[in-house]
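For the sequence shown, my numbering gives the first residue as 17, with consecutive numbering after it. Idealized CB from N, CA, C, for every residue including glycine. What follows is a short report on a single structure.
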Amino acid sequence: MPNDSIKRFFLFCKERHAIWHKRFLLKEPPPWTEDPILRERKFTNIYRELDRGTVYLWEHAKSLPRDEMYFAVIAFRYLNNWKIFEQIGGIPSTSADFERIRQQLRQLRDRGISIFSRAYRTICAIPMGAFRVDAYVDLLQRISKNDHVNFLHRAAKDAPTAELFYESFLTLPHVGPFLAYEIYSDIIRLDPEVKWSEDDFVHIGPGAERGLSYIFKAPYDGVEKAKQLRKVQKKYLPTEFKELTLRNIEHSLCEWGKLCAIQDETQKTRRPFFFPEPTPILYENCLGAK
C-alpha cells in the first residue's frame with residue numbers, strides 16, 4: 017500500500033476534525049486551521065453525524081414511531097435543507113397538511129430562498145414547466161398514502177444482507193444510489209430493529225472513487241480499498257481519535273477527493289482559487305498515487 021498517500025488522507029481526516037473540535041467544543045475564534053484550502057472552502061465533517069443537517073434530522077426522528085421515522089428520513093433527504101424545515105414547522109409527518117406545506121415552500125421560493133440543498137440534486141426528472149417544490153410535495157403525498165414505508169419495514173426485517181436492505185431504498189421514486197445510501201445510513205442508525213452497522217455495507221460512488229484515485233493506482237476494487245483504509249487507520253490517527261467506520265471512510269474519501277482536485281487545479285493554473293497560497297501546506301502533494 018502506498019503509505020505516503022494513505023498518510024496524507026488520514027492527515028486530512030485529522031485536520032478536518034480538529035477544525036470542528038476547535039470551533040464547536042473549544043469555542044476558539046477563527047481561523048481554526050493553517051491550511052488555506054480548509055480555511056476558505058467548505059468541507060463536511062469527517063463524522064457524518066456531526067453535520068448540522070444530520071443532527072437536525074436525527075434529533076427529530078429518533079423518538080418517532082417506525083413508520084413516521086422512515087417517512088421523516090425520506091422527506092428530509094429529498095430536500096436536505098434543515099433551515100427550510102425550521103421555517104415550515106419541522107419535517108412533515110404522514111398526516112401533514114401537504115397543501116399548506118406547498119404554499120409555504122412556494123412563498124420561500126418566490127422570495128429567492130433556495131429550497132433544496134446544493135450538496136446534491138434530487139427530483140430532477142420532472143415534466144417541462146413543472147416546479148421541483150410541487151414535485152416534492154406531490155411525492156410526499158404519494159409515499160404517505162401508499163405501502164412503501166411498510167415495504168421498507170419488511171425489508172429491514174427480511175433482507176438477508178445489508179446491501180439488499182440498501183437496495184430496497186432504490187425502489188423509492190427519484191432515488192438513485194447516492195440518495196439511497198444517505199437514507200440507508202440514517203435508518204441503520206435510527207431504527208433499533210435494524211441489525212446492520214455502518215461497517216456492514218459501503219457504497220462507493222463517484223466522489224469516493226475520486227478520493228481513492230488520489231491514494232491508489234488503478235485498477236483496484238473500491239470497496240476493498242475502503243475496507244483496507246478502515247483496517248489501517250490506527251497506524252495513522254492518534255489513539256484518542258474515534259474509530260472511523262466504513263461509512264466515515266467513504267464520507268471522508270469524497271471530501272479528500274474534493275481537496276485534491278482543488279489542489280490539482282491550482283497547480284495547473286499556478287494561481288490561487290480563493291486562498292492566498294496555491295498549495296495546501298499540510299498535504300504537500302495529493303498526487304502520491306499518480
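Practice task
Could you tell me if residue 180 is buried or exposed, where buried requires 16 or more neighbouring beta carbons within 10 angstroms of its beta carbon?
Solution key: Taking the sequence shown and counting its residues from 1, one reaches residue 180 at position 164. With fewer than 16 other Cβ atoms within 10 Å, it is exposed.
Exercise for the section: Can you grab the Cα-Cα spacing for the pair residue 172 / residue 211, in whole Å? Expected result: For the purposes of this step, residue 172 is taken as the residue at position 156 of the sequence shown. For the purposes of this step, residue 211 is taken as the residue at position 195 of the sequence shown. Between residue 172 and residue 211, the C-alpha separation is close to 8 Å.
Exercise for the section: Pick helix, strand or coil for residue 219, following the three-state DSSP scheme. Expected result: As a first step, residue 219 must be located in the sequence shown, where it is residue number 203. DSSP places residue 219 in coil when its eight states are reduced to three.
Exercise for the section: Assign residue 270 to buried or exposed, taking buried as 16 or more other Cβ atoms, counted over all protein chains shown, within 10 Å of its Cβ. Expected result: Stepping through the sequence shown from its first residue, residue 270 is reached at position 254. By the neighbour-count rule (16 or more Cβ atoms within 10 Å), residue 270 is buried.
Practice task
Taking all protein chains shown into account, decide if residue 105 is buried (16 or more other Cβ within 10 angstroms of its Cβ) or exposed.
Solution key: The residue labelled residue 105 in the question sits at position 89 within the sequence shown. Exposed, by the Cβ-count rule.
Exercise for the section: Please state if the CB of residue 95 and the CB of residue 130 are separated by a distance shorter than 8 Å. Expected result: Looking up residue 130 in the sequence shown gives position 114. Looking up residue 95 in the sequence shown gives position 79. No, the pair does not count as a contact, with Cβ atoms beyond the cut-off.
Exercise for the section: Let me know the alpha helix (DSSP H) ranges lying completely inside the segment 119-198, each 4 residues or longer, listed in chain order. Expected result: 148-161, 164-174, 178-184
Problem - Under 8 Å between C-beta atoms of residue 218 and residue 186 - result: Numbered from its first residue, the sequence shown carries residue 218 at position 202. Numbered from its first residue, the sequence shown carries residue 186 at position 170. Contact: no.
Exercise for the section: May I have the straight-line CA-CA distance separating residue 44 from residue 169, to the nearest angstrom? Expected result: In the sequence shown, counting from the first residue as 1, residue 44 sits at position 28. In the sequence shown, counting from the first residue as 1, residue 169 sits at position 153. Whole-angstrom Cα-Cα distance: 44 Å.
Exercise for the section: Using three-state DSSP, classify residue 87 as helix, strand or coil. Expected result: Against the sequence shown, residue 87 aligns to sequence position 71. Helix.
Handout entry: Beta-carbon contacts of residue 33 that lie in its chain and below 6 Å, excluding the five residues immediately before and after
Key = Mapped onto the sequence shown, residue 33 falls at position 17. These residues qualify, in order along the chain: 62.
Exercise for the section: Thinking residue 13 and residue 103 are a contact (beta carbons under 8 Å), I'd like their distance in whole angstroms, please. Expected result: No statement about residue 13 is possible, as the shown extent of the chain runs from 17 to 306 and does not include it.
Exercise for the section: On a CA-only basis, which of 99, 159, 100, 244 is nearest residue 110? Give me that one, please. Expected result: Stepping through the sequence shown from its first residue, residue 110 is reached at position 94. Closest option to residue 110, Cα to Cα, is 159.
Exercise for the section: Tell me whether residue 140 is buried or exposed, calling it buried when 16 or more other Cβ atoms sit within 10 Å of its Cβ. Expected result: If you number the sequence shown from 1, residue 140 lands on position 124. By the 10 Å Cβ count, residue 140 comes out exposed.
Exercise for the section: Report yes or no: do three or more beta-carbon pairs, one from the segment 87-94 and one from the segment 196-205, lie closer than 8 Å? Expected result: yes
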